[in-house]
Each structure stands twice: as C-alpha cells, then as structure tokens.
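Colleague: Can you read through this structure? Questions will come right after.
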Ligand SMILES: Cc1ncc(C[n+]2csc(CCOP(=O)(O)OP(=O)(O)O)c2C)c(N)n1
Ligand code: SF4
C-alpha cells in the first residue's frame, strides 16, 4: 500500500481520481475548492476520463449530477457550506429519484455571520434530505469512506455524502495509506444504476405524484434508508477484509466498562481519545462513541452496544445546534434513540467549536470531570452548555 | 426539411390523454417538436404546466425518455444527461446518437431558470432548449413573468383601478440568448409549423447549444376560446408582435415578412387579458405597445439587412 502525506482535500481528490467517475459536475467553495481544482487537473492531464462539468452554481452542479446519474453514469461532486445549502432543494430530489451520487463534502459553518471555518451546521442541516451521511475523522477515513460510499450509494440506490472538518482535516497533512488504482477499481466494480434514460423502453423520471401514490413512494424511500444499513455494514466488512481498515456506523473506544461516554463525530474524536487515555490513567472510566454514520441513524446498533449498558452518563459534543432550544443534533437524536432502552443513561450536551473555534484536551478533560460530578449526584444543572465560549 | 408524412410517423411518441386545457399551445409545440426529434431523444422539463399535465403518476404522455427534476434547473439537468452521454459513448456503453431537448415555460426560462440556461450554453453542451412562451406562470394560476407583455392582466399584475395591468415591457430573451453566441437561435410559432419544425431540425443538427423561443397561446391565461389558439398565434406573427426569425452563427434572418398591415391591437382585442386597455383612458398604453413593436421590428430588420450585407 503506497504511503503518502496528503491533506484531507488531496485524499478525497485522490479517491476521486482512482474511482474515475463518468461524470463530475462541481462548483468551487472554500474549504472544498481544492478538491474541484485537483480533479480538474486530473481531467486536464488525462489521468481520468471523466466528463467534467464546471457549472455556474452548486444548484446546477447537483442538478447536472442527477441528470447524469439518471442517464446511468457514475457521478460525483464536491461542496461545502453555502454550496450544500444552495443544493438543498435538489438534495431531496436526488434521494427521491433514488439516484446514486457521492458528494465529497467539507464541513463549514453556514452564514450568517459569514465564516469559512468548520462546524457541522451545513451537513447537519441536510439530515432530512434522504442522503446517507458519513462523517470522517481524518484524511484516511475520508479517503476510505469515499471509496466505500460509491458502493453504498449504488447498492442502496441512495445518494451519499462523506464530510470532513473544514481546514482541520481538509487542509492538514496526514500520513495516509492509499490503495492501488486497480484495487479501488476492483472494489467498486462496474457502475450499478437503478435505471437509465437511454433505454429502448423509455421511462418517465420525476413525474407529478399526488395524493394517490406519493405516500407509498416516500415510504419506499424510508425503506431504502433501513435497507441501506446492511449495505453499509457489508461494504465496510468487505473493505476491512480486503484492506484491513475497519469502519462502521460508529466506533467504540474503551467503551466496554465505561461509565462516562463521550459522544462526538469528526476530528474532535482524535482529541477525545487523548483525553480518555489520560483520564483512564487516573482511573476515570471514560470511553468514546464516535458517530461515523449519521444517516441512517444507527439506533438499533447503538442500543445494543455493550458499553452503553454500563454507561451512567453520556456527554454529547455537538459542533452545530438545531436552533430548537433543545441542544445539538447528535444530542437530540441520541436522546431519542436511547429513550426506550432499559438502562437509559443520563445525557448532557455541549455545543462547541462553532465557526472553527478550537477545542483542546483541557476543555474536554474539564467536561469529563464535570461529568464525574453529575454521575455521582445524578443532578444535571444545565443539560445543554457550551465549551470555549466567552459568556 | 421533413415532409408532413415523415413527421407524422413519430406522432405516437407524445400521446393523447394528457391533461392540458383544450387548445393549449404548449402541447401542440411539444407534439411538433417530438415529431422532428424522433425516438432517440431525451426530454427534460422544468416544473410548469407541461410537466404537470403530462406526467400525473401512474400515467405519462411520454412514450420517449423524459425527466423532470425541479423548476429552475432543466438546462443544468440536461447538461448532466448530455455529459453522461459523452462519457458513456467514450467508454463504448452507448452506440446510438441521441438528441437532448429541454422544454420550459417562460417562467422556468426567462426568470428562475435563466442562470442555469446561460451556464449550460456557455459550457457548450449539445442540446436544444425550447421555451414555450405563454407569457405568464400558468401552472400556479397566471402570475406575471418577465415575458408578460406590458398592459396584460395577470394575478400578480392585475388590472386595477390605479394600475392597468403589467407596467413593464417584456424581456427579450431571444436576444439575450443570441448574445451568448449560441450557434443557432430562433423564434417560432406553432401557427407556422413548417417554419418551426424546420428550425427544430436545424437545431438538432447543430453541434452545440441551440435555442428556440416559441410563442405558446394559453386559452386559460390569455382568455380566448380554445379553438382560437392557432389563429391567435398567427396574428401575433402577422402583427409583428412575435417576429419569426433566426440567428445562425450570428447572422440574422427574418423568416416571415407579413404582407398586409396588421396592428397589435387586432391581436390584443381577441384576448381577455388586454380587455381593460380598450378604454379611451388606456388608449395610450396600446399606442406605446404598438410603438415598441414597431421599434423592435425596425431593429430586427436592420440586423437582418446588416447580416445580408455580410453574406454578400
Ligand atoms: C423554486 C420554485 N419556486 C416556485 C415554484 C412554483 N411554481 C411551479 S410552476 C411555476 C410557474 C411555471 O411557469 P412557467 O415556467 O411560465 O410555465 P407554465 O406553467 O406557464 O407552463 C411556479 C412559480 C416551484 N416549483 N419552485
Ligand atoms: S393553463 Fe395554459 S399553458 Fe397551462 S395547460 Fe392550460 S392552456 Fe396550457
């Protein structure tokens, strides 16, 4: 396996090069711009034989992707933040039409105020669009997940976005084990599309669907979400078997006997692991639950998790808010997922890092230590609080 | 140019039984288009009357590949379809030649869809974009668009006691598209079917983006009896309100020069949407509209004769 030093954006672009999709339609936006630039240079240098469509907006980029995917082409794009927001209307349509598309997303906060740095408000804002959502922890994860996403998307007949933390992952160099081109090609195989416009038996794609049938079709889309779980699992297992790196809905770190569980997604998980290692030395029983797949939300898999039965307190770290006054998206969903579980642990939520504000070891250590207090007394003063905020 | 007999061979590709109003200009335009395009054609429609009336699930009037995604993106969607065609052809997965046609209303073309259309033309995809211009948002109940003529009553430019219909003149989209330098741009009318089908054929034989703007009388929105559609389309041409012309590689050509003088008023008086203008107080609006039509015709004639000069 060739070992290389790549940034998150380079890793995603490299995965795209090796995938060699039929069509890429994209529009630049910080911090994802580099992905589009690198890919354009692959096209210009003949390293891929992709049809590259540099559209005049993200709205058109995702629209062109839908057209291409419906025509039977393996299709990808890349975006971030406002770009994803501009795609919002069309994200739902991609999922409803059940076309496989993969987005290399880079997490960035949404305006306003305008800010180019990382938080998860962009992709979390698209949770209801019907896309499979994967949050990468680092460049290696991003690279591996993009390759798996192609298969997941095509086998589940649902579009899929993989995101990295803007600047934190996208622009930081990391040691990456890449695969050989041929390994990637063999893993993803020939494009599988649910249908093609270029057909002797013509089809009508995207008809008007009124009271008579719409509900059934939406139900089918929901079913596709359920059915995508075994697909995600199968593809991850095959990837692990072939290449030795294991991914899944989530990753459990030192969870077996954990009484306090940190829950996070994205790059913060790395910091959290350091905190856990330090605190474990002092006898604090703390572990990490890294959410890797946010959509479909792995409720059943989570409830079955051994560590959660020993956990007395979950500390959920959210890098965005739902603006519902009920806390961040992971917190809200996890709370709902665990409501019926027999050993329902206490939950607290910390919102952190909006607009790219740093989060460090000390800050996470502090919330765990505060958690020790809560665990002892069972008393939660502030279910939703903030880390690193001047108030 | 294909003969009527040849054209009629493709008549079944757009079937009857759709739910357009009787006398709808849009469906006549689609039918005439499809007869030229034939079965190896992908149609993309934006949201609007023609999408809504032809594809109510589980029925479809399209016996030919059809796709609808949203209101503002037909040109972007067809860009993707055409890109897929190129990629798949290169990889040997598609062997036949295919046509790509987007057909949008004036709302989806002049207004909300103009960005996607402009982008797709600039990227030089090989596709034909046809605008069926019924001069308002008919699907949502006759609201003004930038193609609505001055003075027309619509539900968002109503003829009230203070404001008599739409205050502004219409946007000249055909000229805007011509300014993109697209290799073939034309204006047509379903009343002059031979001219229109010849234009579709020409556009489909052009290697690059092409555009045809077709006037599409709407009995409901314009308020006229459904058996008058073609007559009203013809009068729009004869009164020079809707000149038939084409711009081929930058050269203008007027395809039909009306022989007898027909005023715009004669066209307008057949339609309920202009009824409020026919009072002494509003006479000046009709005069302004006539003056605008004369000015535009004069400009077009100048362009055409300049192009003539170049050709010589
Ligand atoms: C983003 C968006 N805004 C508004 C609408 C509502 N809408 C649907 S069709 C339509 C008007 C269509 O007008 P036009 O393109 O002129 O076609 P027509 O119905 O006249 O044939 C509007 C406003 C929509 N579907 N999407
Ligand atoms: S409202 Fe007008 S455009 Fe729409 S179907 Fe009826 S006649 Fe055609």
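Residue numbers (the numbering used here), protein chains in the order written: chain A, 51 to 441; chain B, -12 to 299.
Ideal Cβ placement from N, Cα and C applies to all residues, glycine included.
Remember, predicted model here, so these are calculated numbers, not experimental data.
1) Taking 9 Å as the threshold (beta carbon to beta carbon), is residue 111 (chain B) in contact with chain A?
2) Check whether the stretch 95 to 113 of chain B touches the stretch 99 to 113 of chain A, counting contact only when three or more Cβ pairs, one atom from each stretch, lie closer than 8 Å.
3) Over what stretch of residues does the alpha helix (DSSP H) that includes residue 142 (chain A) continue unbroken?
4) Let me check you understand the geometry: is the CB of residue 103 (chain B) closer than 8 Å to at least one non-hydrogen atom of ligand 1?
5) For the structure I just gave you, are there three or more beta carbon pairs, one from the stretch 35 to 47 of chain B and one from the stretch 228 to 243 of chain A, closer than 8 Å?
6) Can you tell me where the beta strand (DSSP E) with residue 54 (chain A) in it begins and where it stops?
7) Run the proximity test for residue 116 (chain A): is its beta-carbon closer than 8 Å to any non-hydrogen atom belonging to ligand 1?
8) Could you tell me whether any Cβ in chain A is nearer than 9 Å to the Cβ of residue 178 (chain B)?
9) Should residue 188 (chain A) go down as buried or exposed, given a rule of 16 or more other Cβ atoms within 10 Å for buried?
10) If you reduce the DSSP assignment to three classes, tell me which class residue 304 (chain B) lands in.
11) Would you mind sorting residue 23 (chain A) into buried or exposed? The rule is 16 or more other CB atoms within 10 Å of its CB.
12) Does residue 196 (chain B) come within less than 9 Å of chain A when only Cβ atoms are used?
13) Hey, out of A:51, A:425, A:257, whose CA is closest to residue 226 (chain A)'s CA?
14) Can you look up residue 93 (chain B) in the DSSP assignment and give me helix, strand or coil?
15) Taking 8 Å as the cut-off, is the C-beta of residue 7 (chain B) nearer than that to any heavy atom in ligand 2?
16) May I ask you to verify whether the stretch 110 to 117 of chain A touches the stretch 58 to 65 of chain B, counting CB pairs closer than 8 Å and requiring at least 3?
17) With DSSP collapsed to three states, give me the class of residue 82 (chain A).
18) Check whether chain A comes within 9 Å of residue 299 (chain B), counting only Cβ atoms and requiring the distance to be less than that.
19) What residues in the stretch 63 to 90 of chain B have a beta carbon less than 9 Å from any beta carbon of chain A?
20) Taking all protein chains shown into account, decide if residue 42 (chain A) is buried (16 or more other Cβ within 10 angstroms of its Cβ) or exposed.
21) Any heavy atom of ligand 1 closer than 8 Å to the CB of residue 259 (chain A)?
22) If you run the structure through DSSP and keep just helix, strand and coil, what is residue 444 (chain A)?
23) Taking residue 263 (chain A) as the query, report the chain B residues whose CB atoms sit under 9 Å from its CB, ordered along the chain.
24) For residue 206 (chain B), is the beta carbon positioned less than 8 Å from some heavy atom of ligand 2?
25) For the alpha helix (DSSP H) that contains residue 267 (chain A), what are its first and last residues?
26) At a Cβ threshold of 9 Å, is residue 239 (chain A) touching chain B?
27) At a cut-off of 8 Å, is residue 137 (chain A) close to ligand 2 when judged by its beta-carbon and the heavy atoms of the ligand?
28) Say whether chain A places a C-beta atom closer than 9 Å to the C-beta of residue 4 (chain B).
29) Could you tell me whether the Cβ atoms of residue 397 (chain A) and residue 384 (chain A) are closer together than 9 Å?
30) Looking at residue 174 (chain A) and residue 405 (chain A), is the spacing between their C-beta atoms short of 9 Å?
31) Would you give the residue range spanned by the alpha helix (DSSP H) that residue 74 (chain B) belongs to?
32) For the stretch 114 to 142 of chain A, list every residue whose C-beta sits within 7 Å of some C-beta in chain B, in sequence order.
33) Name the residue from A:359, A:382, A:353, A:301 whose alpha carbon lies nearest to the alpha carbon of residue 370 (chain A).
34) What whole-angstrom Cβ distance do residue 175 (chain B) and residue 201 (chain B) have, given they're in contact under 8 Å?
35) Straight-line CA distance for residue 160 (chain A) to residue 202 (chain A)?
Modeller: With the given structure in hand:
1) In the second chain, the residue the question calls residue 111 (chain B) occupies position 124. No, residue 111 (chain B) does not count as interfacial toward chain A.
2) yes
3) Here residue 142 (chain A) refers to the residue found at position 92 when the first chain is read from its first residue. Its alpha helix (DSSP H) spans residues 131 to 146.
4) By one-based count along the second chain, residue 103 (chain B) stands at place 116. No, since every heavy atom of ligand 1 falls outside the 8 Å radius drawn around the Cβ of residue 103 (chain B).
5) Segments in contact, no.
6) Position 4 of the first chain holds residue 54 (chain A). Taken as a continuous stretch (DSSP letters only), the beta strand (DSSP E) holding residue 54 (chain A) covers 53 to 56.
7) Taking the first residue of the first chain as position 1, residue 116 (chain A) is located at position 66. No, the beta carbon of residue 116 (chain A) sits no closer than 8 Å to any heavy atom of ligand 1.
8) Position 191 of the second chain, counting from 1, holds the residue named residue 178 (chain B). By this cut-off, residue 178 (chain B) is not an interface position.
9) Numbered from 1 along the first chain, position 138 holds the residue referred to as residue 188 (chain A). It is buried - the Cβ of residue 188 (chain A) has at least 16 other Cβ atoms within 10 Å.
10) Outside the displayed span of chain B (-12 to 299) sits residue 304 (chain B), for which this structure offers no information.
11) Outside the shown range of chain A, which is 51 to 441, sits residue 23 (chain A), and nothing can be said about it.
12) The residue you call residue 196 (chain B) lines up with position 209 of the second chain. Not an interface residue.
13) Working through the first chain from its first residue, we reach residue 226 (chain A) at position 176. It is A:51.
14) Within the second chain, the letter at position 106 stands for residue 93 (chain B). Helix at residue 93 (chain B).
15) Here residue 7 (chain B) corresponds to residue number 20 of the second chain, with the count starting at 1. Checking the Cβ of residue 7 (chain B) against ligand 2 gives yes.
16) yes
17) To locate residue 82 (chain A), count along the first chain from 1; it is residue 32. DSSP places residue 82 (chain A) in coil when its eight states are reduced to three.
18) For the purposes of this step, residue 299 (chain B) is identified with residue 312 of the second chain, where counting begins at 1. Confidence is the limiting factor: at residue 299 (chain B) the pLDDT is only 48, short of 50, which leaves the residue's position unreliable and the question unanswerable from this model.
19) 63, 64, 65, 66, 67, 68, 69, 70, 71, 72, 73, 74, 75, 77, 78, 80, 81, 83, 85
20) Not covered by the structure: residue 42 (chain A). The range shown for chain A is 51 to 441.
21) By 1-based counting over the first chain, the position of residue 259 (chain A) is 209. The answer is no for residue 259 (chain A).
22) Nothing can be reported for residue 444 (chain A), as the shown portion of chain A is limited to 51 through 441.
23) On the first chain, position 213 is the one that residue 263 (chain A) refers to. Residues of chain B passing the Cβ test: 44, 45.
24) Stepping through the second chain from its first residue, residue 206 (chain B) is reached at position 219. Under cutoff, so the answer is yes.
25) Here residue 267 (chain A) refers to the residue found at position 217 when the first chain is read from its first residue. Unbroken alpha helix (DSSP H) run through residue 267 (chain A): 264 to 293.
26) Within the first chain, the letter at position 189 stands for residue 239 (chain A). No, its Cβ sits nowhere closer than 9 Å to a Cβ of chain B.
27) Here the question's residue 137 (chain A) lines up with position 87 in the first chain. Because no heavy atom of ligand 2 lies under 8 Å away, the Cβ of residue 137 (chain A) does not count as near it: no.
28) Taking the second chain and counting its residues from 1, the one referred to as residue 4 (chain B) is at position 17. Not one chain A Cβ lies under 9 Å of residue 4 (chain B).
29) Within the first chain, residue 397 (chain A) is the residue found at index 347, counting from 1. Within the first chain, residue 384 (chain A) is the residue found at index 334, counting from 1. Yes.
30) Taking the first residue of the first chain as 1, we reach residue 405 (chain A) at position 355. Taking the first residue of the first chain as 1, we reach residue 174 (chain A) at position 124. For residue 405 (chain A) and residue 174 (chain A), no; Cβs fall outside 9 Å.
31) Locating residue 74 (chain B) in the second chain gives position 87, counting from the first residue. In this chain, the alpha helix (DSSP H) harbouring residue 74 (chain B) covers 61 to 77.
32) 114, 115, 116, 117, 118, 120, 121, 122, 123, 139, 140
33) The count along the first chain starts at 1 and reaches residue 370 (chain A) at position 320. The residue with the shortest Cα to Cα distance from residue 370 (chain A) is A:382.
34) Indexing the second chain from 1 puts residue 175 (chain B) at position 188. Indexing the second chain from 1 puts residue 201 (chain B) at position 214. Between residue 201 (chain B) and residue 175 (chain B) the Cβ distance is about 5 Å, and since that is below 8 Å, they are a contact.
35) One-based indexing of the first chain puts residue 160 (chain A) at position 110. One-based indexing of the first chain puts residue 202 (chain A) at position 152. Whole-angstrom Cα-Cα distance: 28 Å.
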